[in-house]
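What follows is one structure encoded as structure tokens, with my remarks underneath.
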Amino acid sequence: MKEQKRLLVNLIATAIAFAVQFGVNFILTPYIVNSLGSEAYSYIPIATNFVGYANIVSVAVYSMTSRFVSVEYNKGRPDRAEVFFNSALVSNLVVSLALLIPSILVTLNIKHIINVPDNLLPDVQLTFGFAFANMLLTLATSAFGSVYYVTNRLDINARRNIEGNVLRAVVLIALFSLLPAKIYFLNATVLLVGVYLVSANFYYTHKLLPDIHPDLCKSTWNAIKEMLSSGIWNSFNQASNIMLTTLDLFLANLFAGSVATGQYSVSKTVPNFILSVITMLVGVFVPQLTIYYAKQQKEKLANALSYSIRSMGFLCSFPIGFLLVFGKDFFHLWVPSQDADMLHWLSVLTLIPLAISCCTEVVYNIFTVTNKLRTPAVVLFILGIVNTVAAITLMKTTSMGIWAVPVVALVISIIRNLVFTPVYASRCLHMPVSLVYAPIVRGMVCTVAMTLVCLCYRTIVHGTGTWFTFLAAAVICSCIAGVANIMVIFNKDERRRFFSMIASKLRL
């Protein structure tokens with residue numbers, strides 16, 4: 001029960017943190033689009049994506065820091081955990097210094113890399129500069145961020161993220177109110193939040209991990225090699241994920257032009273928010289899976305994995321299913337100056353893969369938990385190359401234009417998430433593949449149910465032309481589908497525990 005309670009606390013805190021972040025971006029995005037145009041808005045995610053390109057180099061070590069420190073610490077070997085911590089700290093500092101000059105060169109020469117109108121060039125350069133500065137700061141200090149994973153106190157991390165986003169919102173409102181609107185305001189405030197979060201990470205590492213101290217002399221080459229031997233495959237994964245999910249805006253900018261890229265960027269805004277939800281929710285479940293694996297509690301690991309998959313499908317079904325039906329209404333209300341119909345169908349092609357990946361992303365993290373990363377990395381890299389080549393070919397040789405990007409990504413996502421990931425994860429865990437597929441199917445059924453409820457509601461109630469009627473539709477459909485889904489994916493004992501924990505938190 002204690003573990004279930006900790007999971008719920010982490011889940012609620014993470015959800016609130018995301019809600020605050022979503023609220024900030026939800027309010028500001030239409031303002032930026034209306035003030036600067038969708039073309040200008042597209043450079044914000046492009047800058048973020050360039051940071052992802054740079055992270056291909058750094059992810060090899062920092063992606064495995066939490067895993068190795070957590071396993072050693074929870075096995076009762078704090079001295080060994082401290083070695084991994086400091087080895088990661090040294091390697092991340094070195095990589096940060098190595099990336100400093102390339103980051104400066106890319107920022108100064110961005111006009112020669114992507115299409116940038118002359119009137120936006122200084123603004124875009126500052127946008128990229130702040131994005132790279134935040135990346136370097138976060139990378140150099142990332143070892144301290146592992147404290148929440150190691151101690152399974154993601155609720156603390158979520159609270160700090162809430163505070164950081166509130167701080168960001170206040171500063172952004174002041175900047176947009178007092179100064180002419182600029183793109184770089186968003187990334188400048190992200191850097192501000194980064195400084196705050198790094199400070200919090202220092203404090204909580206000292207408080208929650210008193211046995212681990214930053215001491216560069218305790219780093220060892222053997223520990224770095226051990227993390228690199230596994231983490232190098234995460235670098236492949238990072239490169240593959242870029243080709244599968246974030247290179248699309250860069251390719252669109254080159255082959256479809258900045259205007260079409262702006263439209264596609266706006267259409268991906270909400271799907272990207274949902275992807276952020278998936279990433280954060282997965283982060284809630286994985287620490288406990290790692291602890292079970294470290295303690296060799298195989299039955300608990302299998303049960304926790306099944307529960308995590310089903311929970312992900314249940315939670316993500318609400319926004320995905322609703323926007324598949326009411327996406328056009330949403331874009332019409334949110335960015336009325338844009339083509340709502342086009343934005344809706346572009347987002348649909350992005351939402352369908354999310355309906356699948358929300359259930360399989362926890363499964364994919366089993367490769368990290370079990371430290372079996374090579375085969376998934378190679379497969380994902382091959383799929384990434386196929387995705388990129390196919391998208392470029394279709395954009396250059398057909399009239400599909402920007403539509404080629406999400407269509408190809410949809411096909412590749414189905415292959416990755418429904419064919420490879422469940423099969424290989426079952427091999428890593430030495431369990432029947434049916435035990436992995438079963439909760440995935442049940443999780444996906446939740447989105448189908450939510451979509452059907454929304455279609456029925458739309459048939460009965462024709463209009464959602466105001467925010468009130470739109471939100472009313474969301475609440476009504478979610479309640480109906482939620483009741484049905486919770487009966488399908490959770491057993492009686494899980495439902496009882498779930499509701500009792502919710503009641504205790506609400507002090508009912």
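Take the sequence shown: its position 402, counted from the start at 1, is 402 in the UniProt record's numbering, and no numbers get skipped. Even glycine gets a Cβ: it sits at the ideal position worked out from N, Cα and C. The structure displayed is predicted, hence computed values, not measured ones.
- Around the beta carbon of A98, fewer than 16 other beta carbons lie within 10 angstroms, which makes this residue exposed.
- Contact between C454 and G321 holds, since their C-beta atoms are separated by about 6 Å, short of 8 Å.
- Straight-line spacing of the CA atoms in I366 and V90 works out to 27 Å.
- When V433, S311, P287 and K182 are compared, the shortest CA-CA separation from M487 is found for S311.
- Of the residues F330, I309, L216 and E226, the one whose Cα lies closest to the Cα of V266 is F330.
- Scanning its chain for C-beta atoms nearer than 7 Å, with the 5 sequence neighbours on each side dropped, one finds around D123 the residues K182, I183 and Y184, in chain order.
- Around the beta-carbon of N86, 16 or more other beta-carbon atoms lie within 10 Å, marking it buried.
- Non-local C-beta neighbours of Y292 in its own chain, meaning closer than 7 Å and more than five positions away in sequence, comprise K300, L301 and A304, ordered along the chain.
- Counting of Cβ neighbours within 10 angstroms places H344 among the buried residues, the total reaching 16 or more.
- Between A88 and M227, the CB-CB gap stays under 8 Å.
- In the three-state reduction of the DSSP assignment, G465 falls in the coil class.
- C-alpha of T127 to C-alpha of I27: approximately 20 Å in a straight line.
- A check of alpha carbon separations from R374 across I101, F84, I232 and D118 identifies I232 as the nearest.
- Measuring C-alpha to C-alpha distances from N371 to each of V71, L281 and I385 identifies V71 as the nearest.
- Under the DSSP assignment, F420 falls outside any alpha helix (DSSP H); it carries neither an H nor an E label.
- Here L208 really is in contact with R153; their C-beta atoms are around 6 Å apart, less than 8 Å.
- Burial is judged here by how many other beta carbons sit within 10 angstroms of a residue's own beta carbon; T451 has at least 16 and is buried.
- Between the stretch 137 to 156 and the stretch 194 to 212, the count of C-beta pairs closer than 8 Å reaches three or more; the two stretches touch.
- Nearest in C-alpha terms to P406, of all of S96, P271 and V95, is P271.
- Taking C-beta atoms as the reference points, Y196 and G164 count as a pair closer than 8 Å.
- In the DSSP annotation of this structure, the continuous segment of the alpha helix (DSSP H) that includes V270 starts and ends at T269 to A294.
- Between L172 and A133, the C-beta gap is not smaller than 8 Å, which leaves the two residues out of contact.
- Your pair I110 and N253 does not check out as a contact, with CB atoms roughly 11 Å apart and the cut at 8 Å.
- Here Y31 is exposed, its C-beta having fewer than 16 other C-beta atoms within 10 Å.
- Comparing alpha-carbon positions, the option among F130, L281, G327 and L251 lying closest to V363 turns out to be L281.
- Of the candidates V335, F470, F255 and S306, the residue whose Cα lies closest to the Cα of T398 is F255.
- The beta-carbon separation of R67 and T290, rounded to 6 Å, stays under the 8 Å limit for a contact.
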